[in-house]
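2 protein chains.
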Amino acid sequence: MADHVKIATVAALVLIATSWTPVSAQSLADLKPAPEPLVLQQQGSFFVGGRKMTNPRTGWSELSPDLFGSPQGDVMVDQMYVQFQKPANAGNHVPVVFVHGCCLSAKTWETTPDGRMGWYEYFTRKGYPTYLAEQSGRARSGFNTVGFNEVRDGLKPPSTQPLVLMATAQFAWPIFRFGPKFGEAWPDQQFPMDKVDELYKQVIPDLILTQTPDLLAQFSDPRTSVPTVDTMAQLAEDLGGAVLVGHSQSSGFPTKAVLKGRPGIRGIIQLETGCYGNLDAEQVAALAKVPILVVVGDHFSTPQPPPECVKEMEAVNKAGGDMTFIALPDLGMKGNSHMFMQDRNNLQVADVLIKWIEEHVERRKN
Amino acid sequence: MADHVKIATVAALVLIATSWTPVSAQSLADLKPAPEPLVLQQQGSFFVGGRKMTNPRTGWSELSPDLFGSPQGDVMVDQMYVQFQKPANAGNHVPVVFVHGCCLSAKTWETTPDGRMGWYEYFTRKGYPTYLAEQSGRARSGFNTVGFNEVRDGLKPPSTQPLVLMATAQFAWPIFRFGPKFGEAWPDQQFPMDKVDELYKQVIPDLILTQTPDLLAQFSDPRTSVPTVDTMAQLAEDLGGAVLVGHSQSSGFPTKAVLKGRPGIRGIIQLETGCYGNLDAEQVAALAKVPILVVVGDHFSTPQPPPECVKEMEAVNKAGGDMTFIALPDLGMKGNSHMFMQDRNNLQVADVLIKWIEEHVERRKN
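This is the structure in structure tokens:
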């Protein structure tokens with residue numbers, strides 16, 4: 001694989017890393033009070049999608065044949081959990097849907113590791129109906145357990161069991177861009193490094209290999225898919241139109257949904273890559289119909305924009321589209337990490353997205 | 001095991017089941033508007049607890065030796081995710097912490113399967129600072145993946161891998177008490193059976209067997225423990241006092257925390273069992289210092305209260321304690337299921353808890 005693809009792939013796959021400080025357990029005490037009350041018109045949660053299947057080995061009968069009967073039964077898989085809140089002052093703002101990256105949950109967008117306001121509350125306070133979706137196969141969306149107990153009970157070869165991916169501190173140091181080497185942060189690092197343990201607590205097992213045989217192809221080939229691509233798109237359609245925001249692992253999901261012909265996607269925001277450099281004319285024409293914003297942070301060791309973003313942007317904009325690439329340092333924001341929704345200047349970064357939504361989505365004429 | 005213990009154990013372990021209707025995907029459309037704006041003083045999320053460990057096989061290097069280096073690295077396990085909201089009208093109400101049961105997440109307390117207000121919003125509207133905790137090892141709290149990839153890669157015998165528990169529709173019909181037999185609901189059933197598929201989407205893999213070798217002992221022996229017992233207790237202490245609410249699998253957790261000498265637990269609410277019949281004098285004395293409420297629904301095939309609740313209540317109250325057992329039918333509420341926080345009369349049931357908190361916790365003299 002070419003070096004730039006390799007770097008982009010790793011950057012898109014990854015998370016996490018930094019100096020390993022003691023667990024402070026000060027997270028509750030760290031919470032900052034809100035500036036003024038948050039007035040909600042509505043709050044709640046629901047699921048999108050999901051399909052029924054028979055799970056052949058649910059674990060209970062092996063646990064106690066005396067208490068539990070059949071080892072099999074019907075379950076739901078591939079559903080996507082969504083939490084939302086609508087501010088009382090929503091006006092006519094477009095709904096915004098946030099989907100987290102690899103090995104993380106919707107916690108990504110909530111209170112930061114050092115107790116400041118996250119994007120979930122901030123976008124709501126700015127008047128946007130705000131939706132946090134949890135990737136199908138992660139956290140409250142559950143995952144498909146077929147194959148695990150079968151291996152455990154000797155019914156299938158161990159090699160058939162999907163790998164359970166777990167991001168570690170050391171794993172991603174260079175890609176997460178906390179500093180030049182593990183344990184050393186950039187002097188201008190915007191991530192709250194003194195509370196990095198609180199970020200590590202957000203890191204949870206990633207079961208995406210139960211959904212796709214080739215994770216790496218997901219990052220280079222826009223025709224590949226996982227259930228979240230469809231459930232994100234379904235949510236946009238159900239909402240009567242929405243801006244879809246993906247980060248890292250999910251940064252390319254909204255583009256994939258558009259290329260599948262899904263309606264209702266009024267804007268695409270790709271945080272930290274998500275570009276595809278080799279699109280055919282039909283794909284380019286489809287993407288030219290939806291405003292696209294790519295935002296990346298600081299301290300990349302490679303030139304920005306990445307080659308695949310340059311290629312996609314040139315093709316889409318030549319076809320009459322509206323694709324924008326923003327490297328935060330070009331706006332004067334220095335030191336942002338891969339997790340800039342949690343960096344010290346996270347609300348300043350949010351304002352970049354909000355300005356783009358207003359100008360490129362809400363004032364769009366068509 | 002004695003029949004009543006067996007029934008209580010199954011009732012405490014279980015969830016889910018009912019007639020298997022088509023997936024409607026109408027969950028967003030089903031959302032009911034709120035009666036009036038919800039005004040929050042503060043909202044957010046954080047973690048309690050967590051410990052660092054080295055994960056020997058995180059899956060990445062097997063996925064691509066070319067891209068990723070060492071198979072091992074440092075991760076966090078046993079942390080507990082908590083979301084919360086404080087109403088602007090909180091006054092002096094005691095914080096209330098809700099912990100879900102087996103195979104479910106904190107979604108349990110949010111919007112009901114048919115789109116009505118859940119207890120999270122209702123308790124907040126009633127003036128309580130309200131906290132939803134996700135059991136360590138579930139959903140946003142992650143789980144300890146050690147052992148899975150080792151088996152997959154042939155480094156450990158398959159039989160060493162923890163069972164992944166998955167509740168099915170058929171599994172729990174009689175215990176979940178939707179009706180007399182699978183596919184048939186009680187005529188007075190309070191659960192919104194037309195939206196039961198939305199409940200099935202809440203059911204996610206339960207990894208508690210990564211935390212304890214003997215799940216069944218957890219229900220009969222109050223000295224057993226899992227990490228959530230300590231993280232719940234820590235949250236109560238960090239909050240400067242809280243009422244802890246457990247349901248089903250977690251119904252006995254607050255009692256276990258008190259028996260471990262944990263401070264800050266101002267009240268225990270056990271939804272659907274959580275009693276221990278064989279307590280020694282020291283344990284009884286400890287429990288006599290904390291008000292305890294047990295609430296169960298309808299359609300049990302066995303007499304209520306269960307024998308272990310009768311024994312615990314008699315012992316605790318004789319020692320000067322304040323333990324109350326409420327079977328909802330005795331208050332005139334008929335047809336409530338195991339998931340009465342989602343039943344059609346869920347807010348009426350919530351009022352039973354709120355009245356008890358006011359009378360037994362907030363007006364308590366000591």
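Here the protein sequences line up with chains Z and F, keeping their order.
Heads up: the first sequence begins at 1 in this note's numbering, then just goes up one per residue.
Heads up: the second sequence begins at 1 in this note's numbering, then just goes up one per residue.
Don't be surprised by glycine CBs; every beta carbon is placed ideally from N, CA and C.
Predicted model, so just to flag it, every value in this text is computed and none were measured.
_Cutoff 9 Å: THR111 (chain Z) Cβ touching any chain F Cβ_ = Taking the first residue of the first sequence as 1, we reach residue 111 (chain Z) at position 111. So yes, THR111 (chain Z) belongs to the interface.
*Kindly give me the distance between the Cβ atoms of GLU198 (chain Z) and LEU163 (chain F), rounded to whole angstroms, as I take these residues to be in contact under 8 Å.*
Your numbering for residue 198 (chain Z) matches position 198 in the first sequence. Your numbering for residue 163 (chain F) matches position 163 in the second sequence. Incorrect: roughly 31 Å between the Cβ atoms, too far for contact.
*Going by the CB atoms, is the gap between PHE171 (chain Z) and PHE191 (chain Z) shorter than 9 Å?*
One-based indexing of the first sequence puts residue 191 (chain Z) at position 191. One-based indexing of the first sequence puts residue 171 (chain Z) at position 171. No. Outside cutoff.
*Alpha carbon to alpha carbon, how far is ALA90 (chain Z) from LYS355 (chain Z)?*
As a working note, residue 90 (chain Z) is residue 90 in the first sequence. As a working note, residue 355 (chain Z) is residue 355 in the first sequence. The straight-line gap from Cα to Cα measures roughly 16 Å.
_Just to confirm my understanding: we take LYS334 (chain Z), look at its own chain, exclude 5 residues before and 5 after, and list those with CB closer than 7 Å. What are they?_
Along the first sequence, read from residue 1 onward, the residue named residue 334 (chain Z) stands at position 334. Excluding residues within five positions, the ones whose Cβ falls inside 7 Å are ASP188, ASP298.
_Residue-chain proximity (VAL310 (chain F), chain Z), Cβ-Cβ < 9 Å_ = Translated into positions along the second sequence, residue 310 (chain F) becomes position 310. No, VAL310 (chain F) lies away from the interface with chain Z (no Cβ there is under 9 Å from its Cβ).
*Looking only at its own chain, which residues have a Cβ that is under 6 Å from the Cβ of SER24 (chain Z), when we skip the five neighbours before and after it?*
What you label residue 24 (chain Z) is simply residue 24 of the first sequence in a count that begins at 1. Any answer about SER24 (chain Z) is weak, because its pLDDT of 44 lies below 50 and its placement is not dependable; what the coordinates show is given next. Excluding residues within five positions, none has a Cβ falling inside 6 Å.
*Are the beta-carbon atoms belonging to GLU272 (chain Z) and SER251 (chain Z) less than 9 Å from one another?*
Numbered from its first residue, the first sequence carries residue 272 (chain Z) at position 272. Numbered from its first residue, the first sequence carries residue 251 (chain Z) at position 251. Yes.
*7 Å Cβ shell around PRO22 (chain Z) - same chain, five flanking residues per side excluded*: Start at 1 with the first residue of the first sequence, and residue 22 (chain Z) comes out as number 22. Any reading at PRO22 (chain Z) must be qualified, since the residue scores a pLDDT of 35, below 50, and its modelled position is unreliable; no value is offered.
*What are the residues that DSSP puts in a beta bridge with PHE47 (chain Z)?*
As a position in the first sequence, residue 47 (chain Z) is number 47, starting the count at 1. Paired residues: Z:TYR81.
*Apart from the five residues just before and just after GLU237 (chain Z), which ones in its own chain have a Cβ nearer than 6 Å to its Cβ?*
Taking the first residue of the first sequence as 1, we reach residue 237 (chain Z) at position 237. Excluding positions up to five away in sequence, the list reads PRO263, GLY264.
_Where THR324 (chain Z) falls: helix, strand or coil (DSSP)_ = As a working note, residue 324 (chain Z) is residue 324 in the first sequence. It is a strand residue.
*Residues in its own chain within less than 8 Å of SER105 (chain F) by CB, not counting five upstream and five downstream?*
The residue given as residue 105 (chain F) occupies position 105 in the second sequence. Cβ neighbours of SER105 (chain F) beyond the five flanking positions: GLU134, ARG138, ALA139, ARG140, GLN202, ILE204.
*Between which two residues does the alpha helix (DSSP H) carrying VAL258 (chain F) extend?*
Counting from 1 along the second sequence, the entry for residue 258 (chain F) is found at position 258. First-last of the alpha helix (DSSP H) with VAL258 (chain F): 253-259.
*Can you name the start and end residues of the beta strand (DSSP E) that ARG266 (chain Z) belongs to?*
Walking along the first sequence from the start, residue 266 (chain Z) turns up at place 266. Counting along the chain, the beta strand (DSSP E) containing ARG266 (chain Z) begins and ends at 265-271.
*Beta-carbon of SER250 (chain Z) versus every beta-carbon of chain F: anything under 9 Å?*
The residue you call residue 250 (chain Z) lines up with position 250 of the first sequence. Cβ-Cβ to chain F under 9 Å: no for SER250 (chain Z).
*For HIS338 (chain Z) versus PHE176 (chain Z), is the C-beta spacing smaller than 9 Å?*
As a first step, residue 338 (chain Z) is located in the first sequence; it is residue number 338 there, counting from the start. As a first step, residue 176 (chain Z) is located in the first sequence; it is residue number 176 there, counting from the start. Closer than 9 Å, so yes.
*Interface partners of TRP119 (chain F) on chain Z, CB under 9 Å*: Looking up residue 119 (chain F) in the second sequence gives position 119. Correct list: empty, because the minimum Cβ distance to chain Z is about 12 Å.
_Using the Cβ count rule (16 or more neighbours within 10 Å means buried), how would you classify ASP351 (chain Z)?_
Stepping through the first sequence from its first residue, residue 351 (chain Z) is reached at position 351. The residue is exposed, with fewer than 16 neighbouring Cβ atoms inside 10 Å.
*Interface positions of the segment 33-57 of chain Z facing chain F (Cβ-Cβ less than 8 Å), listed along the chain*: PRO33, ALA34, PRO37, LEU38, VAL39, LEU40, GLN41, GLN42, GLN43, GLY44, SER45, PHE46, PHE47, VAL48, GLY49, GLY50, ARG51, LYS52, ASN55
*Would you identify the three-state DSSP class for ILE204 (chain F), choosing helix, strand or coil?*
Looking up residue 204 (chain F) in the second sequence gives position 204. Looking at ILE204 (chain F) - three-state DSSP - the assignment turns out to be coil, as it is neither helix nor strand.
*asked:* Rounded to the nearest angstrom, what separates GLU358 (chain F) and THR124 (chain F) at their Cα positions?
replied: For the purposes of this step, residue 358 (chain F) is taken as the residue at position 358 of the second sequence. For the purposes of this step, residue 124 (chain F) is taken as the residue at position 124 of the second sequence. Taking the straight line joining both Cα atoms gives about 15 Å.
*Mind checking PRO95 (chain Z): buried by the 16 CB within 10 Å criterion, or exposed?*
Here the question's residue 95 (chain Z) lines up with position 95 in the first sequence. So PRO95 (chain Z) ends up on the buried side.
*Would you kindly work out how many angstroms separate the C-alpha atoms of LEU353 (chain Z) and GLN234 (chain F), rounded to a whole number?*
For the purposes of this step, residue 353 (chain Z) is taken as residue 353 along the first sequence, with counting starting at 1. For the purposes of this step, residue 234 (chain F) is taken as residue 234 along the second sequence, with counting starting at 1. C-alpha separation (whole angstroms): 38 Å.
*Opposite TYR276 (chain Z) in the DSSP bridges: which residues?*
Residue mapping note: residue 276 (chain Z) aligns to position 276 of the first sequence, counting from 1. According to DSSP, which records beta bridges pairwise, TYR276 (chain Z) is partnered with nothing at all.
*asked:* Just to confirm the assignment, what range does the beta strand (DSSP E) spanning VAL295 (chain Z) have?
replied: Position 295 of the first sequence, counted from the start, is the residue given in the question as residue 295 (chain Z). Taken as a continuous stretch (DSSP letters only), the beta strand (DSSP E) holding VAL295 (chain Z) covers 292-296.
*In chain F, what lies closer than 7 Å to ASP238 (chain Z) by C-beta?*
Indexing the first sequence from 1 puts residue 238 (chain Z) at position 238. Ordered by position in chain F, the residues that pass the 7 Å Cβ test against ASP238 (chain Z) are LEU28.
*Starting from PHE98 (chain F), trace the beta strand (DSSP E) both ways and give me its first and last residue.*
Within the second sequence, residue 98 (chain F) is the residue found at index 98, counting from 1. Residues 96-99.
*Out of Z:MET53, Z:ASP66, Z:VAL82, Z:TRP186, point me to the one whose CA is closest to SER75 (chain Z)'s CA.*
Here residue 75 (chain Z) refers to the residue found at position 75 when the first sequence is read from its first residue. Before going on, a small fix: residue 75 (chain Z) reads as Val here, not Ser. For VAL75 (chain Z), the nearest C-alpha among the options comes from Z:MET53.
*How would you write the range of the beta strand (DSSP E) that VAL245 (chain F) sits in, first residue to last?*
Against the second sequence, residue 245 (chain F) aligns to sequence position 245. Unbroken beta strand (DSSP E) run through VAL245 (chain F): 242-247.
_To the nearest angstrom, how far is the alpha carbon of PHE340 (chain F) from that of THR58 (chain Z)?_
Stepping through the second sequence from its first residue, residue 340 (chain F) is reached at position 340. Stepping through the first sequence from its first residue, residue 58 (chain Z) is reached at position 58. Cα to Cα, PHE340 (chain F) sits roughly 25 Å from THR58 (chain Z).
_Length of the line joining the Cα atoms of GLN72 (chain F) and PRO33 (chain F)_ = Indexing the second sequence from 1 puts residue 72 (chain F) at position 72. Indexing the second sequence from 1 puts residue 33 (chain F) at position 33. Whole-angstrom Cα-Cα distance: 49 Å.
*Ignore the nearest five residues each way along the sequence and tell me which others in ALA319 (chain F)'s own chain have a CB closer than 7 Å to its CB.*
Here residue 319 (chain F) corresponds to residue number 319 of the second sequence, with the count starting at 1. Only VAL284, ALA285, ALA288 meet the Cβ criterion.
*Taking MET193 (chain F) as the reference, which of F:THR112, F:LEU165, F:SER64 has the closest Cα?*
To locate residue 193 (chain F), count along the second sequence from 1; it is residue 193. Answer by Cα proximity: F:THR112.
*With GLU359 (chain F) as the anchor, note down where its alpha helix (DSSP H) starts and where it stops.*
Start at 1 with the first residue of the second sequence, and residue 359 (chain F) comes out as number 359. Segment: none, GLU359 (chain F) is in no alpha helix (DSSP H) and carries neither H nor E.
*Any idea what DSSP makes of ALA25 (chain Z), helix, strand or coil?*
Working through the first sequence from its first residue, we reach residue 25 (chain Z) at position 25. Note on ALA25 (chain Z): pLDDT 49, under 50, position unreliable in the model; no value is reported.
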